[in-house]
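Remarks on the structure that follows.
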Amino acid sequence: MAKVKTLYVCGDCGHETSGWLGRCPSCGAWNSFRAEEETKPVNAGTRTGSWLMAGEGTELVDLSGVSARPEEKEKTGIPELDRVLGGGLVKGSLLLLGGDPGIGKSTLALSILGHNHKGEILYVSGEESPAQISMRAARLGFQDRGIPLLASTRLSSIEKVLTEGRPRIAVIDSIQTVYSDEIGSAPGSVAQVREAGMAFLRLAKALDITIILTGHVTKEGSIAGPRVLEHMVDTVLYFEGEKDSPLRILRSVKNRFAATDEIGIFEMTGRGLISVEEATGLFLDGKPENVPGSAVSAVLEGSRPLLVEIQALTVKSNYGSPIRMSQGLDRSRLIMLMAAAEKKTGIDLSAMDAYVNVTGGMKIKETSVDLAVLAALLSSVRDEPAAADAVIVGEVGLTGEIRSVARMSESLEEAFRAGWTRFIVPASAQAKLRRFEKNKDVKVYYVSELNEAFDLIFSKEERP
Ligand code: TYD
Ligand code: MG
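Each residue of the sequence shown is one higher than the one before, starting from 235 at the first, in the working numbering.
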């Protein structure tokens, strides 16, 4: 009997090694490796992520002779989803919808079908019973849309139904429950998820079916995460949000048919996910008034300016090396900003633990919030509110200089429309903001370095 070889596979990204590792060298995840029997993939494409069955093809194709129809995007009828997709769904494409359990993947997937009930559709579920799905459909107002449901987790059965029924749009909820009889390893393993992903890729391309796969982001390594599939699908969308907030952000991290810079904003209500188009001040909901440790800033998400609240808490540290924790912000950026502030202003943060949080579950990559992060931190240290009625925008450089960020006037215009009239911004943006300043009631304060900014932010006289 042939010896079964054991491989160690990262449940996050699918990286394979011959021995166990504590940290994945490919994606950096900790504790994500676990043993899987080495299985021969059913076809060669599985390993490479190619949709070609056996990597076949020896004839050359003249590209100019290939009739390429422009990718037509079909609106889903869900405005925020269409925004993220750059217009809508592309026929015959494979889409991965990832996110934490309970965040709303099944709800969104079912809504897509409910809104497109005119075409042939199919909902495949291996997670919930028909009764549960029917209840969800009723909550979403789709009880009489006649959505066909297939309760199955077996790849060969799903393939058969798709091939025979040829729906226009199919949802597979979730990819981690689908298993192939031809693969030895357990359902949910990297090998199984890959094999199923490949099968759906081939079906999407061969039969021109738009297939939406949902995938849970997994915390421990027992089930393969959706990242294993990222390279093979056409579009990858991830849901973000906090458990106790109804706001959900849909972010595109890969899209073969459109740019990936737009986000979609939804609110989870009793009747499903509602698109939120007017979102400028949304993330400030519940912001405490005039308390230390909070500052308001503006970011651009795609074409949309958003106001965000940065909260900071500093407490005396009980450890040799103080804690630096951030949520929604890059931790190394936070450490760098704190170092710049210490050096420039002489404030000693070395004996303090610092926690920084972006409220509403937003994840911010932009540097436009730098100054607001430091304002919130310093406000907590001093136990004094920081310019509570002003929007603070600006990148902080290593020498403590405040730098301008892209498309500032757009962000400020939007904030002004949402009712904000006072702004603390980089001096270098002055030329760009001349027109904005002409707005009645607007007061713009220009700062060029940290000490000057903090003097203004904590000024007792004319508080901006
Ligand atoms: P679900 O779509 O099942 O999440 P996922 O598929 O990502 O695991 O959403 C589950 C949560 O959403 C659950 O806590 C209930 C809530 N929810 C609502 O608040 N309103 C609704 O109309 C629906 C359908 C779900
Ligand atoms: Mg679900």
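Note that the Cβ used here is the ideal one computed from N, Cα and C, for glycine as well.
Review point. How should I557 be labelled, buried or exposed, when 16 other C-beta atoms within 10 angstroms of its C-beta is the threshold for buried?
Key: To locate residue 557, count along the sequence shown from 1; it is residue 323. Burial call: exposed.
Exercise for review: Would you mind giving the Cβ-Cβ distance between L435 and L330, rounded to the nearest angstrom? I have them listed as a contact below 8 Å.
Suggested key: Counting from one through the sequence shown, the residue named residue 435 turns up at place 201. Counting from one through the sequence shown, the residue named residue 330 turns up at place 96. Not quite, the Cβ-Cβ distance comes to about 11 Å (not below 8 Å), so this is no contact.
Exercise for review: Could you check what DSSP says for T251 in three-state terms: helix, strand or coil?
Suggested key: In the sequence shown, residue 251 corresponds to position 17, counting from 1. T251 falls in the strand class under three-state DSSP.
Point to revise | Among D415, T452 and K352, the one whose alpha carbon lies nearest that of N265 | key: Translated into the one-based positions of the sequence shown, residue 265 becomes position 31. Closest by alpha carbon: T452.
Review point. With 16 as the cutoff for other CB atoms within 10 Å, does E523 come out buried or exposed?
Key: Residue 523 sits at position 289 when you count from the first residue of the sequence shown. With fewer than 16 other Cβ atoms within 10 Å, it is exposed.
Review point. Which value, in whole angstroms, describes the spacing of the CA atoms of S368 and L342?
Key: Here residue 368 is taken as the residue at index 134 of the sequence shown, counted from 1. Here residue 342 is taken as the residue at index 108 of the sequence shown, counted from 1. Answer to the nearest angstrom: the Cα atoms are 14 Å apart.
Point to revise | Beta-carbon proximity list for K599, same chain, < 8 Å, skipping 5 on both sides | key: As a working mapping, residue 599 is identified with position 365 in the sequence shown. Result list for K599: D564, in chain order.
Exercise for review: Work out the CA separation of L447 and E272 for me, nearest whole Å.
Suggested key: Here residue 272 refers to the residue found at position 38 when the sequence shown is read from its first residue. Here residue 447 refers to the residue found at position 213 when the sequence shown is read from its first residue. When rounded, the distance between both Cα atoms is 25 Å.
Check your understanding: With 16 other CB atoms within 10 Å as the buried threshold, where does M432 fall?
Key -> On the sequence shown, position 198 is the one that residue 432 refers to. Burial check for M432: the Cβ neighbour count within 10 Å reaches 16 or more, so the residue is buried.
Review point. With a CB to CB cut of under 7 Å and the five nearest residues on each side skipped, what residues in its chain are close to S560?
Key: Here residue 560 refers to the residue found at position 326 of the sequence shown. Answer for S560: L568 and V590, listed in chain order.
Point to revise | Cβ-Cβ distance between V462 and V412 below 7 Å | key: Within the sequence shown, numbered from 1, the residue matching residue 462 stands at position 228. Within the sequence shown, numbered from 1, the residue matching residue 412 stands at position 178. Not a contact, by the Cβ cut-off of 7 Å.
Point to revise | Inter-residue Cα distance where the pair is G253 and Y242 | key: In the sequence shown, residue 253 corresponds to position 19, counting from 1. In the sequence shown, residue 242 corresponds to position 8, counting from 1. Going by C-alpha positions, G253 is about 6 Å away from Y242.
Exercise for review: State the Cα-Cα distance for the pair A573 and C261, rounded to the nearest angstrom.
Suggested key: Here residue 573 corresponds to residue number 339 of the sequence shown, with the count starting at 1. Here residue 261 corresponds to residue number 27 of the sequence shown, with the count starting at 1. Here the C-alpha atom of A573 lies approximately 28 Å from the C-alpha atom of C261.
**Study point:** 4-residue-minimum alpha helix (DSSP H) runs that sit fully inside the segment 555-635, ordered along the chain
**Key:** With a minimum length of 4 residues, the continuous alpha helix (DSSP H) runs that stay inside the segment 555-635 are 565-579 and 604-616.
Practice item. Check whether the Cβ of K339 lies closer than 6 Å to any heavy atom of the ligand TYD, and answer yes or no. Key: Taking the first residue of the sequence shown as position 1, residue 339 is located at position 105. At least one heavy atom of the ligand TYD sits closer than 6 Å to the Cβ of K339.
Exercise for review: Using 10 angstroms around the beta-carbon of E293, count the other beta-carbons present and answer buried if the total reaches 16, otherwise exposed.
Suggested key: For the purposes of this step, residue 293 is identified with residue 59 of the sequence shown, where counting begins at 1. Residue burial is scored here from C-beta neighbours: E293 has fewer than 16 other C-beta atoms within 10 angstroms and is therefore classed as exposed.
Exercise for review: With DSSP as the reference, please indicate the residues paired to R656 in a beta bridge.
Suggested key: Walking along the sequence shown from the start, residue 656 turns up at place 422. Its beta-bridge partners are A624 and K677.
Review point. For the putative contact between L383 and P364, defined by C-beta atoms under 8 Å, what is the C-beta separation to the nearest angstrom?
Key: Against the sequence shown, residue 383 aligns to sequence position 149. Against the sequence shown, residue 364 aligns to sequence position 130. That belief holds up - the Cβ atoms of L383 and P364 are roughly 6 Å apart, short of 8 Å.
Review point. Per DSSP, which one or two residues make a beta bridge with F650?
Key: The residue you call residue 650 lines up with position 416 of the sequence shown. F650 is bridged by DSSP to nothing; it lacks a bridge partner.
Check your understanding: Taking the alpha-carbon positions, what's the G527 to G375 distance?
Key -> In the sequence shown, the residue the question calls residue 527 occupies position 293. In the sequence shown, the residue the question calls residue 375 occupies position 141. Between G527 and G375, the C-alpha separation is close to 43 Å.
Point to revise | Burial state of P335, where buried means 16 or more other Cβ atoms lie within 10 Å | key: For the purposes of this step, residue 335 is taken as the residue at position 101 of the sequence shown. Exposed is the call here.
Check your understanding: Any chance the CB of P335 is under 6 Å from a heavy atom of the ligand TYD?
Key -> Numbered from 1 along the sequence shown, position 101 holds the residue referred to as residue 335. Set against 6 Å, the gap from the CB of P335 to the closest heavy atom of the ligand TYD is smaller.
Check your understanding: Just curious, the beta strand (DSSP E) that M502 is in, first and last residue?
Key -> Here the question's residue 502 lines up with position 268 in the sequence shown. In the DSSP assignment, M502 falls within the beta strand (DSSP E) that extends over I497 to T503.
Point to revise | T411 - partner residues in DSSP beta bridges | key: Translated into the one-based positions of the sequence shown, residue 411 becomes position 177. Beta-bridge analysis with DSSP links T411 to no other residue.
Exercise for review: In the DSSP assignment, find the alpha helix (DSSP H) that holds Q366 and state where it starts and stops.
Suggested key: Here the question's residue 366 lines up with position 132 in the sequence shown. Unbroken alpha helix (DSSP H) run through Q366: P364 to R373.
Check your understanding: Going by Cα to Cα distance, which pick from R373, E416, A458 and I658 is closest to G602?
Key -> Sequence index remark: in the sequence shown, residue 602 carries index 368 (1-based). Here residue 602 is Ser; the residue named in the question, Gly, does not match the sequence. With distances taken between Cα atoms, S602 lies closest to I658.
Check your understanding: Is there contact here, the segment 629-637 with the segment 528-539, by at least three beta-carbon pairs under 8 Å?
Key -> Remark: fewer than three beta-carbon pairs, one from each stretch, lie closer than 8 Å, so the segment 629-637 and the segment 528-539 are not flagged as touching.
**Study point:** Segment contact flag, the segment 537-551 with the segment 575-593, C-beta cutoff 8 Å, min 3 pairs
**Key:** A contact between stretches requires three or more CB pairs, one per stretch, nearer than 8 Å, and the segment 537-551 meets this requirement with the segment 575-593.
Check your understanding: If you drop the 5 nearest sequence neighbours on each side, which residues of the same chain put their C-beta closer than 7 Å to that of S345?
Key -> If you number the sequence shown from 1, residue 345 lands on position 111. Only I312, L374, G506 and L507 meet the Cβ criterion.
Point to revise | Cutoff 8 Å; reference S682; Cβ partners in own chain excluding five residues on either side | key: Here the question's residue 682 lines up with position 448 in the sequence shown. The answer, listed in chain order, is E635, I636, P660, A661 and S662.
Point to revise | Backbone CA spacing between V510 and E398 [nearest angstrom] | key: Position 276 of the sequence shown holds residue 510. Position 164 of the sequence shown holds residue 398. Distance between V510 and E398, taken at the CA atoms: about 38 Å.
Practice item. Pick out the complete alpha helix (DSSP H) segments inside the segment 442-484, 4 residues or longer, and give them in chain order. Key: None, since the segment 442-484 contains no complete alpha helix (DSSP H) of that length.
**Study point:** Stretch-stretch touch, CB-based, cutoff 8 Å, three pairs: the segment 472-482 with the segment 493-503
**Key:** In this structure the segment 472-482 touches the segment 493-503; the number of beta carbon pairs closer than 8 Å is three or more.
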